[in-house]
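Numbered per the working numbering, the sequence shown finishes at 303, counting up by one with no gaps. A virtual CB, placed ideally from N, CA and C, is assigned to each residue, including glycine. Predicted, not measured: the structure shown is a model, and the values here were computed from it.
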Amino acid sequence: MKLLFTALAITSTLFLTQGCASQFKSSEQSTSGSAVAQEHHQMDGAANSHEHHSGQAESEPTAIAKLTVKGAIAPKTPVPLIIDVQDKNGKAIANFDKFQEQLMHLIIVSDTLDSFNHIHPTYKGNGRFEVQNNFPHPGNYTLFIDYKPAGKAEQVSLLTAKVPGEAPNTPKIDFSTSNTFGNTQANLKFSQPTLKAGQEVHVIFNLQDTATKQPIKDLQPYLGERGHLVIIKRTSPLTRADYIHAHAMKDTPDGEVHFITSFPKPGDYKLWGQFNRNGQIVTANFLVNVQ
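As structure tokens, this is what we get:
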């Protein structure tokens, strides 16, 4: 089976909330990707400029990410991904700045939001990054490619991928605010009882040891912070406007990780909080409703 791609060219307007949380509102135009070899498929994605901290964004995207998948692909089988970052004239961008300890963050989610992967491609030079990904099942996937050309604002390219085959049924909607993820019990709390679109809110992950029910004390930095949070609105197809990336606050109590963000529109949102317990990454996911 082969992977087919549709590229999304995106123009974005930046909206920032306090606490280094960023949101995007975008208009999109779809174009068809073309095969570059018998077993290669390639797609391009225009980048969205954003800066988590300063609130300054470039009016025009300065980079384009091209993704090539080599070879045949099947669910649950690692496949090489090659990402080439170029300027708008097609010239490779060779230099990048690190942010959150990496040169590139690649977040891949299925459109049903039941599959999530956050990986870090290896830089090979001359604008090329490489990594392997395992698509767990057939269906549509969205790839958020997050990178920072040297001296430029942080940028995100959004691309979509389709893995042929019979996709699984849509997962059951579950708004539970407490769940167990391996040796960690995560309890989700908010600074207000009802989530409302456009209102700033504190997102609080209360983390306990599954066995002792005590706040965990072996939390270590993950990507230079106490935690990492991605939020995506439940809709289809996913767009750049449905993506929120928030940074963890500092100096919070043992076993608690706090984020500040806001939800741009009413609807259901999936949250993935990632934390480092003594070298083991725990990913706690929850579904919430915003009015």
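Alanine 179 - DSSP class collapsed to helix/strand/coil:
Stepping through the sequence shown from its first residue, residue 179 is reached at position 167. Alanine 179 falls in the coil class under three-state DSSP.
Given proline 87, which residues of its chain have a CB within under 8 Å of its CB, disregarding the five upstream and five downstream residues?
Counting from one through the sequence shown, the residue named residue 87 turns up at place 75. Its chain contains Phe147, Pro148, His149, Pro150, Val175 and Gly177 as the residues whose beta carbon lies nearer than 8 Å to that of proline 87, once the 5 sequence neighbours on both sides are disregarded; these appear in chain order.
Pair within 8 Å by beta-carbon distance, valine 97 and alanine 75
Here residue 97 refers to the residue found at position 85 when the sequence shown is read from its first residue. Here residue 75 refers to the residue found at position 63 when the sequence shown is read from its first residue. Yes.
Roughly how many angstroms lie between the CA atoms of aspartate 186 and phenylalanine 156, to the nearest whole one?
Against the sequence shown, residue 186 aligns to sequence position 174. Against the sequence shown, residue 156 aligns to sequence position 144. If I take the Cα positions, the gap works out to 25 Å.
Which parts of the region 122–166 are runs of the beta strand (DSSP E), unbroken and 3 residues or longer, counting only runs that do not cross its ends?
128–131, 134–137, 140–146 and 151–159
Rounded C-alpha distance that separates aspartate 263 from phenylalanine 271:
Walking along the sequence shown from the start, residue 263 turns up at place 251. Walking along the sequence shown from the start, residue 271 turns up at place 259. Aspartate 263 and phenylalanine 271 have their C-alpha atoms roughly 12 Å apart.
Cβ neighbour criterion (16 or more within 10 Å) applied to glycine 210
As a position in the sequence shown, residue 210 is number 198, starting the count at 1. The Cβ neighbour count for glycine 210, taken over all protein chains shown within 10 Å, is under 16; the residue is labelled exposed.
Would you kindly work out how many angstroms separate the C-alpha atoms of asparagine 145 and isoleucine 131, rounded to a whole number?
On the sequence shown, position 133 is the one that residue 145 refers to. On the sequence shown, position 119 is the one that residue 131 refers to. When the Cα atoms are used, asparagine 145 and isoleucine 131 turn out to be separated by approximately 8 Å.
For arginine 238, which residues from the same chain have a beta carbon less than 6 Å from its beta carbon, with the 5 sequence-adjacent residues on both sides left out?
For the purposes of this step, residue 238 is identified with residue 226 of the sequence shown, where counting begins at 1. The residues are Ala260 and Val269.
According to DSSP, is arginine 289 helix, strand or coil?
As a working mapping, residue 289 is identified with position 277 in the sequence shown. Strand, per DSSP.
According to DSSP, glutamine 197 sits in a beta bridge with which residue or residues?
Your numbering for residue 197 matches position 185 in the sequence shown. DSSP, once it has assigned bridges, lists Thr192 and Gln220 as partnering glutamine 197.
Contacts around phenylalanine 275, its chain only, beta-carbon distance under 7 Å, and the 5 residues preceding and following it disregarded
In the sequence shown, counting from the first residue as 1, residue 275 sits at position 263. Within the same chain, phenylalanine 275 has close Cβ partners Leu207, Ala209, Tyr281 and Val302.
Could you check whether glutamate 113 and glycine 236 sit closer than 8 Å to each other, using their CB atoms as the reference points?
If you number the sequence shown from 1, residue 236 lands on position 224. If you number the sequence shown from 1, residue 113 lands on position 101. Contact flag set, yes.
Using the Cα positions of leucine 79 and aspartate 126, report the straight-line distance between them to the nearest angstrom.
Looking up residue 79 in the sequence shown gives position 67. Looking up residue 126 in the sequence shown gives position 114. Computed Cα separation, rounded: 23 Å.
For alanine 77, which of helix, strand or coil comes out of DSSP?
As a position in the sequence shown, residue 77 is number 65, starting the count at 1. In this structure, alanine 77 counts as strand in the three-state DSSP scheme.
Does the beta-carbon of glycine 291 have 16 or more other beta-carbons within 10 angstroms, so that it is buried, or is it exposed?
Residue 291 sits at position 279 when you count from the first residue of the sequence shown. Per the 10 Å Cβ criterion, exposed.
Considering only residues of the same chain and omitting the five flanking positions on each side of phenylalanine 298, which have a CB-CB separation below 6 Å?
For the purposes of this step, residue 298 is identified with residue 286 of the sequence shown, where counting begins at 1. Once the five neighbours on either side are set aside, the close Cβ partners of phenylalanine 298 are Leu200 and Leu283.
Environment of glutamine 197 [buried if 16+ CB atoms lie within 10 Å]:
For the purposes of this step, residue 197 is taken as residue 185 along the sequence shown, with counting starting at 1. Buried, because 16 or more other Cβ atoms sit within 10 Å of the Cβ of glutamine 197.
Is aspartate 99 helix, strand or coil by DSSP?
Here residue 99 refers to the residue found at position 87 when the sequence shown is read from its first residue. In this structure, aspartate 99 counts as coil in the three-state DSSP scheme.
Only counting runs of 3 or more residues, tell me where the beta strand (DSSP E) segments fall wholly within the region 199–269, in order along the chain.
213–221, 240–245 and 255–259
Hey, how far is the Cα of asparagine 129 from the Cα of asparagine 101?
As a position in the sequence shown, residue 129 is number 117, starting the count at 1. As a position in the sequence shown, residue 101 is number 89, starting the count at 1. Near 31 Å, if we compare the C-alpha coordinates of asparagine 101 and asparagine 129.
Would you call serine 188 buried or exposed, if buried means 16 or more other Cβ atoms sit within 10 Å of its Cβ?
Position 176 of the sequence shown, counted from the first residue, corresponds to residue 188. Result: exposed.
Give the C-beta separation of valine 121 and tyrosine 159 to the nearest angstrom, bearing in mind that I take them to be a contact with Cβ-Cβ under 8 Å.
For the purposes of this step, residue 121 is taken as the residue at position 109 of the sequence shown. For the purposes of this step, residue 159 is taken as the residue at position 147 of the sequence shown. Actually they are not in contact, since the Cβ atoms of valine 121 and tyrosine 159 sit about 18 Å apart, beyond 8 Å.
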